[in-house]
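K.L.:
This is the structure I want to talk about, given as structure tokens.
Protein chains: 2
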Amino acid sequence: MNEMEARPNRHFIAEQAKIFKALGHPSRLLMVQALRDGEKCVCDLQALIGADMSTVSRHLAVLREAGVVRSEKRGTNIYYALALSCLATFLQCTGTLIAERIRQKSALLGNDQDAT
Amino acid sequence: MNEMEARPNRHFIAEQAKIFKALGHPSRLLMVQALRDGEKCVCDLQALIGADMSTVSRHLAVLREAGVVRSEKRGTNIYYALALSCLATFLQCTGTLIAERIRQKSALLGNDQDAT
DNA sequence: TTCATATTTGGCAAAATAGCCAAACGATAT
DNA sequence: ATATCGTTTGGCTATTTTGCCAAATATGAA
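Protein sequences appear in the order of chains A and B. All residue numbers for the first sequence refer to numbering that gives the first Met the number 0, where the first residue is 0 and numbers rise by one. All residue numbers for the second sequence refer to numbering that gives the first Met the number 0, where the first residue is 0 and numbers rise by one.
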């Protein structure tokens with residue numbers, strides 16, 4: 000059994016790519032980053048993103064269908080929460096790496112901060 | 000210093016999203032998976048993907064510009080290698096998760112394997 | 001019931017992406 | 001010099017994604 004981790008089949012790879020694709024949009028990634036602090040309702044996330052509510056809802060649908068977040072209706076609102084525990088570690092890692100890259104690039108350009 | 004990990008700025012988030020976006024395509028993800036075993040030339044990767052050489056080259060450019068892989072010309076060929084060490088762990092984690100999901104879904108449908 | 005509030009969905013236009021062919025490029029060999 | 005090999009780039013079309021508005025839906029309040 001589970002040959003799929005050694006030599007991933009088409010369905011498996013597609014499913015995994017879907018996760019990455021879902022995270023590969025600034026607005027969606029920002030929402031996911033925010034969800035590390037705990038669940039939020041769509042309205043919270045809209046405030047964070049600043050786009051139309053319908054746009055935010057569509058982004059959330061992408062994340063949900065990829066299995067990155069899960070949603071739960073409670074009271075008047077729908078709350079979204081992270082459903083991919085290992086993501087936090089990876090975000091941390093890429094974050095550090097990118098910070099490093101940005102720092103190097105700034106150094107090359109002669110500025111002392113790029114954190115604008 | 001490094002406020003960006005707590006409250007990521009636009010540039011930072013865009014850069015991070017670029018990594019995910021790069022990984023968010025089946026062909027690119029497949030190549031990255033293959034690169035876990037060590038560097039490969041474009042021709043190897045083309046054989047893996049089966050698309051036009053130009054297509055493979057463009058996919059590799061996306062990965063390279065996102066900083067997921069790095070390339071090095073050696074002899075006649077150009078070799079691509081992983082440049083994002085922490086990726087392997089995350090792939091492992093999502094892989095396990097997806098395998099789990101696929102298994103559950105298959106169970107629901109009554110089939111005993113979906114690993115086709 | 002009607003009204004308001006929170007979220008999703010339909011539909012469309014603009015923008016981005018994917019993939020192929022052909023052409024260009026750079027290095028090595030002849 | 002020409003030829004060849006491995007790779008990238010130009011240019012094009014087809015497909016997908018994005019984001020807004022408006023409309024639908026669901027749920028709680030009055």
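From the three backbone atoms N, C-alpha and C, an ideal C-beta is built for every residue, glycine too.
On a Cα-Cα basis, can you pick out the residue from Arg9(A), Gln103(A), Ser26(A) that is closest to Ala50(A)?
P.N.:
Ser26(A)
K.L.:
Ignore the nearest five residues each way along the sequence and tell me which others in Met30(A)'s own chain have a CB closer than 6 Å to its CB.
P.N.:
Leu44
K.L.:
What does Leu44(A) pair with, by DSSP beta-bridge criteria?
P.N.:
DSSP, once it has assigned bridges, lists no residue as partnering Leu44(A).
K.L.:
When DSSP labels each residue in this structure, what does Ala80(A) get in the three-state scheme?
P.N.:
Taken through DSSP and simplified to helix, strand or coil, Ala80(A) comes out as strand.
K.L.:
Is the shortest distance between the beta-carbon of Arg72(A) and the beta-carbons of chain B less than 8 Å?
P.N.:
Residue 72(A) is actually Lys in this sequence, not Arg. Lys72(A) does not count as touching chain B.
K.L.:
Given that Gln15(A) touches chain B, what residues does it touch there, using C-beta distances under 8 Å?
P.N.:
Leu28, Leu90, Thr93, Gly94, Ile97
K.L.:
Look at the alpha carbon of Glu4(B) and the alpha carbon of Leu96(A), and state the distance between them as a whole number of angstroms.
P.N.:
With a pLDDT of 44 at Glu4(B), under the threshold of 50, the modelled position of that residue is not reliable, and the figure given next carries that caveat. So the two alpha carbons sit approximately 11 Å from each other.
K.L.:
Going by other Cβ atoms of all chains shown within 10 Å of its Cβ, with 16 needed for buried, is Gly37(B) buried or exposed?
P.N.:
exposed
K.L.:
What are the boundary residues of the beta strand (DSSP E) that Arg73(A) is part of?
P.N.:
68-73
K.L.:
Could you name the residues of the stretch 20-50 of chain B whose beta carbon sits closer than 7 Å to any beta carbon of chain A, in the order they occur along the chain?
P.N.:
Lys20, Leu22, Gly23, His24, Pro25, Leu28, Leu29, Gln32
K.L.:
Do you know how far the Cα of Leu62(B) is from the Cα of Glu71(B)?
P.N.:
14 Å
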